[in-house]
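Presented below is the structure to which this report refers.
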Amino acid sequence: MKFSAISLFANALSGHKKWPSQFPNKDPKKEYDVIIIGGGAHGLGAAYYLASKYGITNVAVLEKGWIGGGNTGRNTTIIRSNYLFDESAALYDHAVDLWDGLSQELNYNVMFSKRGVLMLAHNVHDVQSFKRHVYSNRLNDVDNQWLNPEECKEFCPPLDISSSRRYPVMGGALQMRAGTARHDSVAWGYARAASKLGVDIIQNCEVTGIRRDSLGNVAGVETAKGYLKSKKIGVSAAGNTSVVMEMAGLRFPLESYPLQALVSEPIKPVFPCVVMSNAVHAYISQSDKGELVIGAGTDQYTSYSQRGALHLQEHNLMSICEIFPIFKRMRMLRSWGGVVDVTPDRSPIVGKTPVGGLYVNCGWGTGGFKATPGAANMLAYTIKHNEPHKINAPFNLDRFIGGRLIDEAAAAAVAH
Amino acid sequence: MLLIHCPYCNKKRPEVEFAYAGEAHIERPNGINQLTMTDEEWSNFMFIRNNIRGEHAERWWHNSGCNMFFNAIRNTQTDKFIMTYKMGENLPTEKQIKAAKK
Amino acid sequence: MFEQAVNISLKKSDSFECKVIGEQLRYSIRMKQDFVEKAEKICGFNIPRNIGEVESYDKILCMCLGPDEWILIVQPKLKLQFDKIIARLNNSITISITNISDRNIGFKLKGKKVQKYINSGCPLDLALESFPIGKASRTVFESVPILLFRDGKLSFRVECWRSFGPYISDFFKRIADTND
Amino acid sequence: MKNFRSKKGSVINEEETIKFSFDGNEFSGFKGDTLSSALLANGIHLVGRSFKYHRPRGILSAGSEEPNAIITFDRGEGKITPNVRATTLEIFNRLQSFSQNSYPNLKFDIGAFNNVFSIFFPAGFYNKTFMWPKSFWDKVYEPFIRNLAGLGPAPLSEDTDNYASCYGHCETLIIGSGPAGIAAALAASQTEGRVILVDEQSEIGGSLLSSSNKKIDNLSSEQWLSKALNTLKKSNNVKLMTRTTAIGYWHDNFVALSERLTDHLSQVPEGSAREQLHRIRARRVILAQGAIERPLVFNGNDRPGIMLSNAAQTYLNKYGVRVGDNISVFTSHDSAYETAFEMCDAKVNVSVIIDLRKEVNADLLAEANSRGIEVHLNSSISRTYGKLRINAFEVYSPIQNKKFIVKCDALIMSGGWTPSLHLWSHSKGSIKWDKSISAYIPDKANENVCCIGACNGNFGIEKALNEGNSVFNNNKKYVVQEQSFGSGVVLNTIPNYLKKEKQKAFVDFQNDVTEKDISLAVQEGFKSIEHVKRYTTNGMATDQGKTSNLNALEIASREVGRSIEKVGLTTFRPPYTPTTFGTFVGYRDKELFDPVRKTPIDDWAVTNSAVFEPVGLWRRARFFPKNKENMDQAVARECKSTRDSLGIFDASTLGKIEIVGPDATKFMNLMYSTSWTSLKVGNCRYGLMLGEDGYIYDDGVVARIADDRYHVTTTTGGAPRVFRHMEDYLQTEFNDLDVWLTSTTEQWAVIALNGPHARDILEPLIKDIDLSADSFPHMSIREGNICGIPTRLFRVSFTGELGFEINVPSNYGLALWKILMTEGAKYRITPYGTETMHVLRAEKGYIIVGQDTDGTVTPFDAGLGWAVAKKKKDFVGMRSLKRKDLVNGVRKQLVGLLTEDPLTVLAEGSQIVINPKQPKPMKMLGHVTSSYWSECLGKSIAMAVIEDGFNLMGTDIYIPMPEDTIKAKVCKPIFYDPEGKRIHV
Ligand SMILES: Cc1cc2nc3c(=O)[nH]c(=O)nc-3n(C[C@H](O)[C@H](O)[C@H](O)COP(=O)(O)OP(=O)(O)OC[C@H]3O[C@@H](n4cnc5c(N)ncnc54)[C@H](O)[C@@H]3O)c2cc1C
Ligand SMILES: NC(=O)c1ccc[n+]([C@@H]2O[C@H](COP(=O)([O-])OP(=O)(O)OC[C@H]3O[C@@H](n4cnc5c(N)ncnc54)[C@H](O)[C@@H]3O)[C@@H](O)[C@H]2O)c1
Ligand SMILES: Cc1cc2nc3c(=O)[nH]c(=O)nc-3n(C[C@H](O)[C@H](O)[C@H](O)COP(=O)(O)O)c2cc1C
Ligand SMILES: [Zn+2]
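Read top to bottom, the protein sequences are chains L, E, Y and B.
For the first sequence, the positions run 57 to 472 when my numbering is used.
For the second sequence, the positions run 38 to 139 when my numbering is used.
For the third sequence, the positions run 4 to 183 when my numbering is used.
For the fourth sequence, the positions run 7 to 991 when my numbering is used.
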């Protein structure tokens, strides 16, 4: 059933009894052309693009829990593409292009909100680094502009730009096309659209093994619901990538860290945009429901526990209240943690692996939500063609061998 | 905030006194051995990590304490430390780990 | 010419008092435990063997901070004497002695609320049983690394790097202002 | 106005009348009242509007689980708190409170329009609409949706309150001070260890404060409680904390408590903290959090005047308030009978008990009968009536298919009890479903923790007391005379003859989630309870589902057709109740946020109008403007004076590490790409440090003080990580070396003197060092005294002029600086800041790590190949330099740039292309890393990293800027005194 105001109206009159399941629960078939491990938005998106763009519909997405329950369901939803290096700018901007119009394409409102992301500079080094981004983005045709402190304040009125602050605002880089989206809806929207095209979405189905044939290529997966054959497997398991890769006998340049976020109680609209500050490690926006959505850096140790330490939350809120002293009386409603997989150069790995038929999309660390449609499309493309697209080609595993890293972190110490 | 037993201080101390220092027992090849290593072998040393979901051998630095680096076995699913031991001691055997859990 | 990072002292009261300790000689000493006995002979005082232990004399404090690390805090009057001791140590054993007299700043904290106030920023259990009189430890006060030495039930000495001194004293000032 | 006070409440002081206001209307209550008890005493039930449909809402509970009675608490500018639960806010004189989410007023709210059209806004509706036309999203739909957001008002000015924070330790931490917690505390007080007993309410006592007619060890419960309190107060190992909520439970028995210190006071003492965060490390935690009553999910269950039975009981016994004059009861659990009886006994008319169950304990029926209460078994409520408060309801008996109407002014309900497993779950203890009480109870502990009393599913005071006691193997047995707590059933559907579509049965009151929404979610494929939660937003409001999660689970389980155990619960997450950001901040705001590290010379810089810049935690003087100069003017002057005569610069923030031991040179050789073997004592050398990845990590001048002693300097920002990097390698890789590291950054104040007169000023001040060029050449170090201060004097230069860096013990830095300023007057000595330092070094082509390099630059890229020892067998980064892409790839290399127009100063960070006419995305060669106006050269200079730069010398390149494209020529990155004559004079 197509979603629209009209269908909503019609269904309301019939007591909403006719809405079908958005992504029917299926029992797995014995064999698929492609299996995607991981029902996050990246994995679901890849299945959708395989079916919609690349004509492969005999696809299963295997999710060990419930779809969208990984980092897709726990992130602070910041979307932007003003990355420094050409490779990254191209990848993230491809994603933003797809975000625009995604609701219509999926016939599912993912609430992509181009409210603008403002990255604050608090010292001369930040200023230099952000300006470098602005200049580079301009020639890459990625929007990003420099604002002086007064302009920052005008764009984000709750901001305190007085020079007496511990880290005074020395300006900011603003990407207007950037913003947020409704995290859960992205997973559901892809799942529904993929389902419609024939993709099987199978939840509560943990992959526990990857079988390989005599040539070493993948042959299928062992799962909680039995053995499923497939000659092509795409892994999109975010924080658990190392665990899945190990099943295929591969070790990866990844470490998984806890990353926490929190929301305040809902309040009337007060915060019009997204603000990030790397100097104090904090970022904030207000959701369409009214709560302030706040995040920080990772915990220091590797973990799969989906929880983090109190002192990080303390520091996170100290930072938020330092930049926005008006929020000190607000209250934290809920906090939670996710598990993010981090590569040595903080850039993702999207492409082929040394095992035939095994493809991977991982290493998005603290910032892969924004890439969702792009990453999903690139993974699908690579699976279809057994070759990376030119956008994801640089994000291969080989770069760690040769040394051609795409080191956004070293270049700017910027998160998200 | 974790409570971490420092094998040098022989005390449990709060996490904020420590810095995490990555996976343990990844031995750095010396200069001579480096010469014979392929780029791939070298990149394995530098970048490839076990990233175990379960019992993980890792290093910590008691920087705001006795200043010593030491090793630990910690379960990354529960974040619980199973044991800590001094730098230079061997990776504990499964038996030792089992014993430490009791 | 001697000027410390912090000069202020908090107002004196029963419940809490915070004073900056004046000029001191401080040495960071590093050596293997094997040499401690020899070093003791040269120094003429006892050197504690275990982390957290302190030997304190009238004008000398020697605290063991790590398996091979000590800090020696000495009254400035003893400068000449210590110049000699250090020269002799350097000549006789494998040792690293670094003068850090001006790196640190010291505070004397005491009063009925001293334990509570230190615990405002320091996560250690400061009950007498867990942190007895005469023990010392490096630890943190909020984000600042400190050295904490208990010299009485209600009396502590805190050392930190000099540029953190104002933060520490501001912190205690705020605590005292908020709680009194 | 009618008064609903019936008797003396256990926490009420009737001597003290308190005046307060709600929505501008004045009311009075008593000391001890919460806002909700005081409003109820005045006959007010309507206190708010719901989030989505703006339905009128009353008071559901008497505790922190309240979803409905959410108000704004206003103490004046900077002290307005939205979303406060009226049920926990203690009143004081002149307290001002306001309802939320209604316009123009609570009784007539335009937003209630939504309610009329609520059928069009089922769960997840926004996913299905607002998509066409596409352009409407940004401009119409989204702004519209966003405007509807939120509950309470947003803060507009800075919070003027203080907050506090501390750590604490104890052997036993008991959370919850009901009978279970108190009994545990009494037993614990006999042990050696420290005991902390916390409760979020204003008084110790928990449910004891809301019960009556009970006898504990032959004392009335009030007497017993005051006796127990006395004992506890006298035990010097017990600390009692009220108004203190345990908000979260983290690893290794680390529990955070939020203590509210002033919100209940009419006069807040000057300076005192509003809230305090206690971070408690406990050896053992005992959870006695009690249980929360469940509402019944029936059509029209959200009308003001409908409340939980236990809440009504609490208002009666604790606050002396009856919640109505004509009360009815709707229940599926025995415990509502107790409330009904107590109501009756307090002379409130209780007309009917509607019980969903077929059978009920005969004793209860007899008691009801004796009090004249009609009991209707096997019955249900199918509708409720009343616009802003319930005035009647329709009873429906499914067996007889009978309907009738009952009038009332309040309806109390009970759907059973849910043990509070929040903190238990934070600690990652597992839970199991207990069929007998239809609730989850604790299963396996993950920490040293246990649950007791109602929170462990053991209801009844006697059980609670004895369980609390038994935790400490205490033999004592409490004997309590009480009505048995009884039992109940939990129904996942409440019989009604109306079609489901026609009903509005609320599950989550605050977020307006109805039973239908949950069914719809399941119907649409959201079968996991986590999906149900997110699709419907059930349990996501400010009460986090304390009253709704179990009901939602029951319904979801019914719809999915799977047992509750299989469906499972959503995750409990901290905080237990919403907690002020200020609590988490504690003391650490303003000057206590991050330390500002200042150099010993900072005071002088302040008095001499320096403009500062933050570098890491440090603040450094950036320039010293005179007579209203701007930065460019000041820097031009500072540069010129330094080159012409003499400049003075505070370099104290440079990192310093003393490296000492017989293996010091070996260690240095491993840590740096530079070779140290040939460095003689008394000499200095530029040291380049690489990461293991082969990229430049840090740099600095290193002096050899003795055979076994190096004085290493690092960049200001790099100091901590360089120290860590060295210590890490020393302890884990090179641990056979006899060498030790000591950070001496702050031991030394460093004053740099640069300029042709640098030697002239020093000569009269230093007696014991021969400063002549021959005996003290460039790149050497001497120890001696300056003005009687011991010094390590470096002859080095980061400016290209004759230069000295005077290291003196920090406490003498300022004094020496002042002397030099006086002595230097005759050379027009000019203090300069970091900006001038940057220009002067750029004129010489010296790099700044972090500005001209960025973690992707090798020594060869930076033209520093000479600082990579060729013969060393090993050093950190050596192997990586030979990696394929570092050897063969096209590398970005550090070059100089001169603009065609010498007056044009390039923007730092601007990008370089060969062909400026190409379309976007353009092929960029690299970027400008440093760029300045050089007053001394009378032209602009720049450094840049560009692809294959070394081979592009003399080539024209372009820098496209928004306004125009700038042309420049690639050159060697050295602009001033290329032969280096000035440095060696
Ligand atoms: C707190 C937090 C804040 C963040 N903030 C931002 C932000 O503001 N902006 C941004 O761009 N990014 C952000 N991120 C990162 C972002 O969330 C992730 O990069 C992104 O969501 C990853 O999507 P995914 O689909 O790859 O992973 P996930 O959504 O995690 O999906 C992976 C799925 O794989 C499943 N899986 C794992 N192992 C198996 C197995 N063996 N068998 C079957 N299934 C398996 C998991 O259950 C999971 O559902 C944040 C992350 C966190 C944790
Ligand atoms: N009618 C009722 O009130 C009712 C309902 C269930 C159980 N019971 C009775 O309760 C008794 C069991 O007593 P109990 O001691 O287990 O529970 P209790 O309800 O008496 O006490 C629990 C206490 O814990 C406090 N609390 C809960 N979470 C907290 C937190 N995070 N931080 C700080 N304080 C917190 C509450 O404020 C409350 O005072 C029995 O008498 C039983 O019959 C009564
Ligand atoms: C952008 C965003 C907004 C959220 N808003 C709310 C909210 O308003 N209320 C709430 O209870 N939880 C909110 N959550 C948190 C979720 O309830 C939940 O904690 C998160 O999805 C992680 O799942 P878990 O806590 O079940 O592990 C939000 C999460 C995200 C990512
Ligand atoms: Zn230690």
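All residues carry an ideal CB built from backbone N, CA and C; glycine is no exception.
Spatial distance of residue i from residue j (CA atoms)
i	j	result
E400 (chain B)	N502 (chain B)	10 Å
Y255 (chain B)	H367 (chain L)	13 Å
I920 (chain B)	P908 (chain B)	20 Å
T438 (chain L)	I91 (chain L)	14 Å
N111 (chain B)	K37 (chain B)	28 Å
S34 (chain B)	I24 (chain B)	5 Å
L912 (chain B)	V190 (chain L)	15 Å
F126 (chain B)	N88 (chain E)	48 Å
S232 (chain B)	D205 (chain B)	16 Å
M313 (chain B)	I202 (chain B)	33 Å
T248 (chain B)	I210 (chain B)	7 Å
V612 (chain B)	K596 (chain B)	19 Å
Whole-Å CB distance - residue i paired with residue j, under 8 Å assumed
i	j	result
L106 (chain L)	I112 (chain L)	4 Å
A398 (chain B)	V381 (chain B)	No, A398 (chain B) and V381 (chain B) are not in contact; Cβ-Cβ is about 19 Å, not under 8 Å.
C461 (chain B)	A288 (chain B)	In fact, because the Cβ distance is near 17 Å, the residues do not count as touching under 8 Å.
S241 (chain L)	P80 (chain L)	Not quite, the Cβ-Cβ distance comes to about 18 Å (not below 8 Å), so this is no contact.
Close-in-space but distant-in-sequence residues of the same chain around residue i (CB under 6 Å, 5 per side omitted)
i	result
V470 (chain L)	Legend: pLDDT at V470 (chain L) = 40, less than 50; position of this residue unreliable, no value from coordinates given.
P444 (chain L)	G407 and T438
T720 (chain B)	G661, D704, G706 and V728
A755 (chain B)	P606, S658, V814, S816 and G819
A103 (chain L)	I92, V115, V117, A250 and V255
N89 (chain B)	I76, L157, G158 and T548
Contacts around residue i, its chain only, beta-carbon distance under 8 Å, and the 5 residues preceding and following it disregarded
i	result
S681 (chain B)	N675, A875, K877 and K878
R455 (chain L)	D401, L461 and I462
Cut-off 7 Å between Cβ atoms - residues of its own chain near residue i, not counting five sequence neighbours on either side
i	result
H472 (chain L)	Model confidence at H472 (chain L) stands at a pLDDT of 39, short of 50, so the residue's coordinates are unreliable; what they give is reported in the following sentence. For H472 (chain L), where only same-chain residues beyond five positions count, the Cβ hits under 7 Å are I134, M332, Y339, T422 and G423.
Legend entry - Residues passing the C-beta test against ligand 4 heavy atoms, cut-off 5 Å: E:C43, E:Y45, E:C46, E:H99, E:G102 and E:C103
Legend entry - the segment 693–716 of chain B: positions lying closer than 7 Å to chain Y by Cβ: none
Inset, instruction - Anything in the segment 98–110 of chain E with a Cβ closer than 7 Å to a Cβ of chain Y? List those residues in chain order, please. - result: S101, G102, C103, N104 and M105
Legend entry - Residues of the segment 148–181 of chain B with Cβ closer than 8 Å to any Cβ of chain Y, in chain order: N168, A170, S171, C172, Y173, G174 and H175
Legend entry - Near-chain L residues of the segment 77–92 of chain E - C-beta to any C-beta below 9 Å: E77, W79, S80, N81, M83, F84, I85, R86, N87, N88, I89, R90 and G91
Legend entry - Proximal residues, the segment 807–829 of chain B versus chain Y, C-beta separation under 7 Å: P815, S816, N817, Y818, L820 and A821
Legend entry - the segment 57–71 of chain E: positions lying closer than 7 Å to chain L by Cβ: Y57
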